[in-house]
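Numbering (the numbering used here) for the sequence shown: 47 to 342. Presented below is the structure to which this report refers.
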Amino acid sequence: MFVILLATLWLTKPQLMNANVMGIFVRQVAPLGILVLGQLLVMRVRSIDLSGAGVLLLVNYMIASGLLGDLPLPLILLVSLGIGCLVGLFNGYLVAKRRVSAVIATLAVTVIIGGFVQFVASGKPPGNMPELMNDIYKMKWGPVPLPVVLWVALTAVMAVFLSRFVYGQFVMAVGENPTASHFSGVPVERTVLMAHVIAGLFAGIAAIVQSAAVAVGSLRLGLEMPIDAVAATILGGVIFGRGDGGVWGPFFGVMCFALLFVSMTSFGVPEPGKQIARGLIILLAAIFYGLNTRKT
Numbered sequence: 047m048f049v050i051l052l053a054t055l056w057l058t059k060p061q062l063m064n065a066n067v068m069g070i071f072v073r074q075v076a077p078l079g080i081l082v083l084g085q086l087l088v089m090r091v092r093s094i095d096l097s098g099a100g101v102l103l104l105v106n107y108m109i110a111s112g113l114l115g116d117l118p119l120p121l122i123l124l125v126s127l128g129i130g131c132l133v134g135l136f137n138g139y140l141v142a143k144r145r146v147s148a149v150i151a152t153l154a155v156t157v158i159i160g161g162f163v164q165f166v167a168s169g170k171p172p173g174n175m176p177e178l179m180n181d182i183y184k185m186k187w188g189p190v191p192l193p194v195v196l197w198v199a200l201t202a203v204m205a206v207f208l209s210r211f212v213y214g215q216f217v218m219a220v221g222e223n224p225t226a227s228h229f230s231g232v233p234v235e236r237t238v239l240m241a242h243v244i245a246g247l248f249a250g251i252a253a254i255v256q257s258a259a260v261a262v263g264s265l266r267l268g269l270e271m272p273i274d275a276v277a278a279t280i281l282g283g284v285i286f287g288r289g290d291g292g293v294w295g296p297f298f299g300v301m302c303f304a305l306l307f308v309s310m311t312s313f314g315v316p317e318p319g320k321q322i323a324r325g326l327i328i329l330l331a332a333i334f335y336g337l338n339t340r341k342t
């Protein structure tokens with residue numbers, strides 16, 4: 047799909063195939079790409095995480111509203127990452143320790159966080175993001191925007207982490223057969239719990255990048271991103287409940303979203319058309335998942 051979209055754009059709109067234009071569009075999906083890194087991890091241990099929208103919403107509101115007062119920006123960002131980790135820890139406890147359905151638990155967490163933010167905000171959107179965040183977001187490393195550099199770097203770290211460290215072997219074992227893994231000495235509960243904590247950390251990072259991108263506070267930020275993350279993860283070759291699947295496949299799954307939106311924007315497709323296209327991608331991902339499950 048990535049190659050087809052790239053070829054289509056190359057043939058129809060060659061003027062868009064330059065580093066600056068493509069960098070702008072790829073930068074827009076960098077938060078989604080970072081969120082996908084956490085999604086692919088929990089999916090490989092037979093779980094799922096739909097709480098990313100709640101983390102994005104809470105972090106965005108916290109920074110834009112000045113809820114933390116005059117704390118230095120680095121401390122505010124650390125608190126944001128801590129929020130993501132705490133949400134992931136709570137999700138992991140419910141899923142790994144209490145055996146709650148991951149879909150229900152993480153979706154409920156998003157609803158609770160969303161309700162909390164709406165209550166605190168009293169329906170009024172918060173203010174703007176610190177200018178420094180927006181300035182950093184616009185920085186480039188050569189022709190490549192800084193958020194894209196961060197996304198690629200985190201993807202490379204995750205690839206090494208899963209392929210070279212013992213935890214990666216635990217993830218594969220739990221995904222293949224959690225019962226056999228338990229009797230083989232693999233810490234199944236701890237592996238699932240840690241997967242959700244790491245997913246929460248990536249959600250916190252994605253929330254910071256997305257907040258810097260929009261530059262303002264919003265009470266509806268990123269509501270569709272968790273579902274997009276699931277779709278991109280499945281399109282990237284990660285099969286739920288099998289423990290295998292790479293990291294770079296979902297990376298290109300996210301890139302497909304970027305190229306698709308570039309193509310539709312260049313052809314003047316309105317926002318409703320983009321929403322329909324997003325829904326078709328998610329449907330395609332579900333069908334792809336069903337076919338792969340049937341084969342196994």
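The C-beta atom is built at its ideal place from N, Cα and C for all residues, glycine as well. Note that the structure is a prediction, hence the values are computed from the model and not measured.
- Distance from V101 to I129 at the Cβ level is roughly 7 Å; contact confirmed, criterion being Cβ atoms closer than 8 Å.
- Looking at the backbone, the Cα of K184 and that of P77 are separated by about 14 Å.
- In this structure, DSSP gives N174 an extended state, which the three-state scheme calls strand.
- Straight-line measurement puts the Cα of W197 at about 26 Å from the Cα of R236.
- Scanning its chain for C-beta atoms nearer than 7 Å, with the 5 sequence neighbours on each side dropped, one finds around L269 the residues A99, in chain order.
- Taking all protein chains in view, the Cβ of M63 is surrounded by fewer than 16 other Cβ atoms within 10 Å, so the residue is classified as exposed.
- Between the stretch 100-120 and the stretch 315-330, the count of Cβ pairs shorter than 8 Å is below three; the stretches do not touch.
- When the Cα atoms are used, T152 and L83 turn out to be separated by approximately 17 Å.
- Within the stretch 103-147, the runs of alpha helix (DSSP H) at least 4 residues long that lie entirely inside it are, in chain order, 119-138.
- Cα atoms of E317 and P176: separation of roughly 28 Å, rounded to the nearest angstrom.
- Between S168 and F334, the alpha-carbon positions lie close to 42 Å from each other.
- Within the same chain, and ignoring the five residues on either side of C302 in sequence, the residues whose Cβ sits closer than 7 Å to its Cβ are M47, F48, L51, L281.
- Across the structure, L178 and G299 are spaced so that their CA atoms are roughly 31 Å apart.
- Counting only runs that start and end inside the stretch 293-342, the alpha helix (DSSP H) elements of at least 4 residues fall at 294-312, 317-341.
- Around the beta carbon of I251, a 10 Å sphere encloses 16 or more other beta carbons of the protein chains shown; the residue is thus reported as buried.
- A straight-line Cα-Cα distance of about 14 Å links I109 and V166.
- With 16 or more other Cβ atoms inside 10 Å of its own Cβ, N106 counts as buried.
- Per DSSP, reduced to three states, the secondary structure at V101 is helical.
- Taking 8 Å as the upper bound for CB-CB distance, L55 and A142 are not in contact here, some 43 Å apart.
- When secondary structure is reduced to three states using DSSP, P77 falls in the helix class.
- Residue burial annotation: L119 is exposed, with fewer than 16 other C-beta atoms found within 10 angstroms of its C-beta.
- Between V155 and S97, the CB-CB gap stays under 7 Å.
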